[in-house]
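Working notes, beginning with the structure itself.
2 protein chains.
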Amino acid sequence: MTDSYCQILNRNQYKLTPQRKAVLHVLEQTRGRHMTAEDIYNEVKKTNPGIGIATIYRTLELLARLEIVHKNSFDEGKYRYEFSENDGHFHHHFLCSSCGVIIEVEEDYLNILEGELERRGFHITDHNLQLYGLCPDCHQEGNAPGKR
Amino acid sequence: MTDSYCQILNRNQYKLTPQRKAVLHVLEQTRGRHMTAEDIYNEVKKTNPGIGIATIYRTLELLARLEIVHKNSFDEGKYRYEFSENDGHFHHHFLCSSCGVIIEVEEDYLNILEGELERRGFHITDHNLQLYGLCPDCHQEGNAPGKR
DNA sequence: GTAGTTGCAAAACCTTTGCACTAGG
DNA sequence: CCTAGTGCAAAGGTTTTGCAACTAC
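Chain order of the listed sequences is R and G.
Take the first sequence: its position 57, counted from the start at 1, is 57 in my numbering, and no numbers get skipped.
Take the second sequence: its position 78, counted from the start at 1, is 1078 in my numbering, and no numbers get skipped.
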């Protein structure tokens, strides 16, 4: 499982340290969770108590640079990390204003917009879409939106 | 011009202090610029030298709460502020990886996606889309993408 | 007059960096 | 070996907060 990521590190001349393995392992165990650096730090400390938060940040920066993880801002004043989709298909994120759940939205539908921009001379390499509102559970309970 | 915003403040029992007027005035003068709190602070100091940065933050927080301004994160580790569109039509933002320019994209095209989600029980109140790539100028000069 | 606002400075947060020490290949 | 990587602590940058003084209404 983690092997493929180890290979990417090796191929790029990066050392396979226990710390990096541990971070990759946590990311693997928490797929779909959108972890902050601190979340990851707390998880990694369970198996590597001596690790420093700086190593977490340095590892995440490396993994983001190698496009193994995707760094995302949900306007909370900090970043969240998740494994990148290796098919190059970036999903969107829905954030519930009521319960705070983050739900991944696989549908894209941005081709029309991006095609339009390419036609005008732009070159689009990436996008990042957050949708805000009420998730099905909170919507049906009739909770107030409390727009963030 | 600023009067309408003053009315919103009044209506909500907020005092119309010179500091708040000055922040609104700067936002007005810099429409379309996506200012950071510090940018606004520096501008406001020209007319109100004694103002403190805390007042800028408190005012922006208030204006965002009243939905007079929109607080946006472009993944730079800080926020940028701009007047909200009062027609409820949120535009998107394109960020050039080469020259750093931020261009507003008026086209929406998210109705299909949002309609699909509403059909599944979600209730969408807001969205936030950033597009990354090369602006027409940098694209035609053949600059490297340098994906942020 | 008085509750809401302000300025200042300190604190709170998240993230990065310098440096001496360590260890993976 | 030897350089990349680590842990620690300190610094950096942005935003928030406590509090006494102030002011718009």
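From the three backbone atoms N, C-alpha and C, an ideal C-beta is built for every residue, glycine too.
Exercise. Is it buried or exposed for I975(G), if we count other Cβ within 10 angstroms and need 16 for buried?
Worked result: As displayed, chain G neither begins before 1001 nor continues past 1148, which places residue 975(G) out of reach and without an answer.
For this session: Kindly indicate which three-state DSSP category C96(R) falls into: helix, strand or coil?
Result: The answer is strand: DSSP assigns C96(R) an E or B state.
For this session: Work out the CA separation of H123(R) and E116(R) for me, nearest whole Å.
Result: Going by the C-alpha atoms only, they are around 11 Å apart.
For this session: Could you name the residues of the stretch 43-76 of chain R whose beta carbon sits closer than 7 Å to any beta carbon of chain G, in the order they occur along the chain?
Result: Correct list: S73 and D75.
Exercise. Any Cβ of chain R within less than 9 Å of the Cβ of C1135(G)?
Worked result: It does; some Cβ of chain R falls within 9 Å.
For this session: Determine, using beta carbons only, whether S1097(G) comes closer than 9 Å to chain R.
Result: Interface annotation, S1097(G): in contact with chain R, CB-CB separation under 9 Å.
Problem set entry | Nearest-angstrom Cα separation, counted from N72(R) out to A64(R) | If I take the Cα positions, the gap works out to 10 Å.
Problem set entry | Nearest to R119(R) (by Cα), restricted to the options V1026(G), P1136(G), Q1029(G) and G1077(G) | Ranking V1026(G), P1136(G), Q1029(G) and G1077(G) by Cα distance to R119(R) puts P1136(G) first.
Exercise. Can you list the alpha helix (DSSP H) stretches of 4 or more residues lying completely in the stretch 1028-1087 of chain G, in chain order?
Worked result: 1037-1047 and 1053-1065, all fully within the stretch 1028-1087 of chain G.
Exercise. Alpha helix (DSSP H) containing L113(R): first to last residue?
Worked result: Per DSSP, the continuous alpha helix (DSSP H) segment holding L113(R) begins and ends at N111 to R119.
Exercise. Using a beta-carbon distance below 9 Å, is F122(R) in contact with chain G?
Worked result: At a cut-off of 9 Å between C-beta atoms, F122(R) counts as an interface residue with respect to chain G.
Problem set entry | Best match in T1125(G), R1011(G), Q1130(G) and L1134(G) for proximity to H139(R) [C-alpha to C-alpha] | The candidate whose alpha carbon is nearest that of H139(R) is T1125(G).
For this session: Express the C-alpha separation of Y132(R) and G146(R) in angstroms, rounding to a whole number.
Result: Any answer about G146(R) is weak, because its pLDDT of 43 lies below 50 and its placement is not dependable; what the coordinates show is given next. Straight through space, the alpha carbons of Y132(R) and G146(R) are spaced by roughly 10 Å.
For this session: Could you have a look at L16(R) and say whether DSSP puts it in helix, strand or coil?
Result: Note: L16(R) maps to coil in three-state DSSP.
Exercise. Are the C-beta of K147(R) and some C-beta of chain G separated by less than 9 Å?
Worked result: Only weak support is given to the placement of K147(R): the predicted model assigns it a pLDDT of 37, under 50, and the question is left unresolved by the model.
Exercise. T1036(G) touches chain R at which residues, Cβ-Cβ below 9 Å?
Worked result: The premise fails here: T1036(G) is roughly 14 Å from chain R at the closest Cβ pair, so nothing lies under 9 Å.
For this session: Can you check DSSP and say which residues form a bridge with D1108(G)?
Result: Answer is none; D1108(G) lacks a bridge partner.
For this session: Quick one: residues in its chain with C-beta nearer than 7 Å to the C-beta of T47(R), no 5 flanking neighbours on either side, listed in chain order?
Result: Excluding positions up to five away in sequence, the list reads A22.
For this session: Compare the beta carbon distance of E82(R) and R20(R) with 9 Å and say whether it is the shorter of the two.
Result: Cβ distance not < 9 Å, so E82(R) and R20(R) don't count as in contact.
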